[in-house]
Amino acid sequence: MSYSKEQVRGLLLKLADMIDENKQMLTDLDAAIGDGDHGHNMARGFDAARVKLAQGPAEQDAEAMLKATAMALISNVGGAAGPLYGTLFLKGAATVKGKEELGLPDLADFLKAGIEGVQLRGKAILGEKTMLDVLIPVQASIAADAESGEPAPQSLEKAAALARACAEKTKEIAATKGRASYLGERSIGHIDPGAMSSCLMIETLAELVKGG
Ligand SMILES: Nc1ncnc2c1ncn2[C@@H]1O[C@H](COP(=O)(O)OP(=O)(O)OP(=O)(O)O)[C@@H](O)[C@H]1O
Ligand SMILES: [Mg+2]
Numbered sequence: 001m002s003y004s005k006e007q008v009r010g011l012l013l014k015l016a017d018m019i020d021e022n023k024q025m026l027t028d029l030d031a032a033i034g035d036g037d038h039g040h041n042m043a044r045g046f047d048a049a050r051v052k053l054a055q056g057p058a059e060q061d062a063e064a065m066l067k068a069t070a071m072a073l074i075s076n077v078g079g080a081a082g083p084l085y086g087t088l089f090l091k092g093a094a095t096v097k098g099k100e101e102l103g104l105p106d107l108a109d110f111l112k113a114g115i116e117g118v119q120l121r122g123k124a125i126l127g128e129k130t131m132l133d134v135l136i137p138v139q140a141s142i143a144a145d146a147e148s149g150e151p152a153p154q155s156l157e158k159a160a161a162l163a164r165a166c167a168e169k170t171k172e173i174a175a176t177k178g179r180a181s182y183l184g185e186r187s188i189g190h191i192d193p194g195a196m197s198s199c200l201m202i203e204t205l206a207e208l209v210k211g212g
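Quick note on numbering: this note's numbering labels position 79 of the sequence shown as 79, and the sequence is numbered without any gaps.
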C-alpha cells in the first residue's frame with residue numbers, strides 16, 4: 001500500500017485542522033507545566049503552513065510540501081516546539097526527495113531523520129518528558145513493522161495506540177528539558193503538551209491511512 005503526494009497534502013491540511021480543534025486543550029496542558037502557549041503556537045504555525053500549501057504550485061511534490069510546512073513552523077512559531085517540529089519536518093522532508101509513492105518504510109525513514117534533527121537541536125533523549133517520548137517509540141514500532149511487512153493501516157493503528165499510551169505515561173515523568181524542567185518534580189502528574197501534540201498527529205495519520 002502506498003501513498004501519493006495528493007495524500008500528503010491531504011494529511012498536512014488535516015493536521016492543520018486537528019491542531020486548530022485541539023489548540024485550547026494543548027495550551028491548557030502547557031499552562032499546567034509551562035507557559036500556556038503550546039496549542040496556540042502550533043495553531044499559528046499550521047495556519048501559516050496551510051497558506052503556504054495553498055500558494056504553492058499544484059504539482060508540488062511531497063518533499064516541497066513537507067519543506068513548506070517545516071519553514072512555516074520554524075518561522076511562525078515562537079517557543080521551543082515550533083523550531084523543533086519544523087526541524088522534524090525539514091529533516092524528514094529530505095528523506096522523501098524524488099519519491100512518487102510513499103509507504104511504511106518511507107514513514108519510518110522520515111521519522112528517523114526527523115527525530116535525529118530534533119535531538120541534535122534540542123539535546124533531549126527518551127524519558128525527559130518531551131515530544132520525543134512519543135516519537136521515539138512510535139518510530140521504532142513503525143520501523144519494525146516496515147521490516148516485517150505489516151500493512152500500513154494495521155501498523156499505524158498500533159502506532160496510534162502506542163502514541164496515546166506514551167503520551168499518558170509522560171504524566172509519571174519529571175521534566176528535565178524545556179520550560180517544564182523549571183518545575184522539576186512538580187511537573188509529575190501532568191501530560192507533556194508536546195507529547196500530546198505528537199500523539200494527536202500520529203492518530204490523525206492513522207485515521208487517514210485507515211480511510212484508504
Ligand atoms: N529540548 C527539547 N527536545 C524536545 N522537545 C522539547 C524540548 N524542549 C521542549 N520540548 C517540547 O516542546 C513543548 C513545549 O512547546 P511550546 O510550544 O510550549 O514552547 P515553549 O516551551 O513555550 O518554548 P519557550 O520556553 O522557548 O517559550 C514541550 O511540551 C516539549 O514536548
Ligand atoms: Mg509553552
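Beta carbons: idealized from backbone N, C-alpha and C, even for Gly. Since the model is a prediction, treat every value here as computed from it, not as a measurement.
How would you write the range of the alpha helix (DSSP H) that residue i sits in, first residue to last?
i, result
"G78", "That residue, G78, is in no alpha helix (DSSP H); it is neither H nor E in DSSP."
"H38", "H38 to Q55"
"V143", "In the sequence as displayed, the identity of residue 143 is Ala instead of Val. Element bounds for A143: L132 to S148."
"K214", "Here the chain comprises residues numbered 1 to 212, so residue 214 is not present and cannot be evaluated."
What does DSSP give as the partner residues of residue i in its beta bridges?
i, result
"L107", "For L107, which the question treats as bridged, DSSP gives no partner whatsoever."
"Y3", "L102"
Does the distance between the C-beta of residue i and the nearest non-hydrogen atom of ligand 1 fall short of 8 Å?
i, result
"G92", "no"
"E248", "Not covered by the structure: residue 248. The range shown for the chain is 1 to 212."
"A81", "yes"
"M42", "yes"
"G194", "yes"
"V118", "yes"
"M131", "yes"
"V138", "no"
"V77", "yes"
"L84", "yes"
"G114", "no"
"A32", "no"
"E128", "yes"
"A163", "no"
"A124", "yes"
"K52", "no"
"K218", "Any answer about residue 218 is impossible in this case: the structure gives the chain only from 1 up to 212."
Which of the three DSSP states, helix, strand or coil, is assigned to residue i?
i, result
"E172", "helix"
"V209", "helix"
"D17", "helix"
"E59", "coil"
"K91", "helix"
"I202", "helix"
"E128", "coil"
"G178", "coil"
"K67", "helix"
"I188", "coil"
"D28", "helix"
"L183", "coil"
"G194", "helix"
"V118", "helix"
"K23", "helix"
- Any heavy atom of ligand 2 within less than 6 Å of residue CB: hits in chain order: For ligand 2, the selected residues are D30, G34, D35, D37, H38, G79 and R179.
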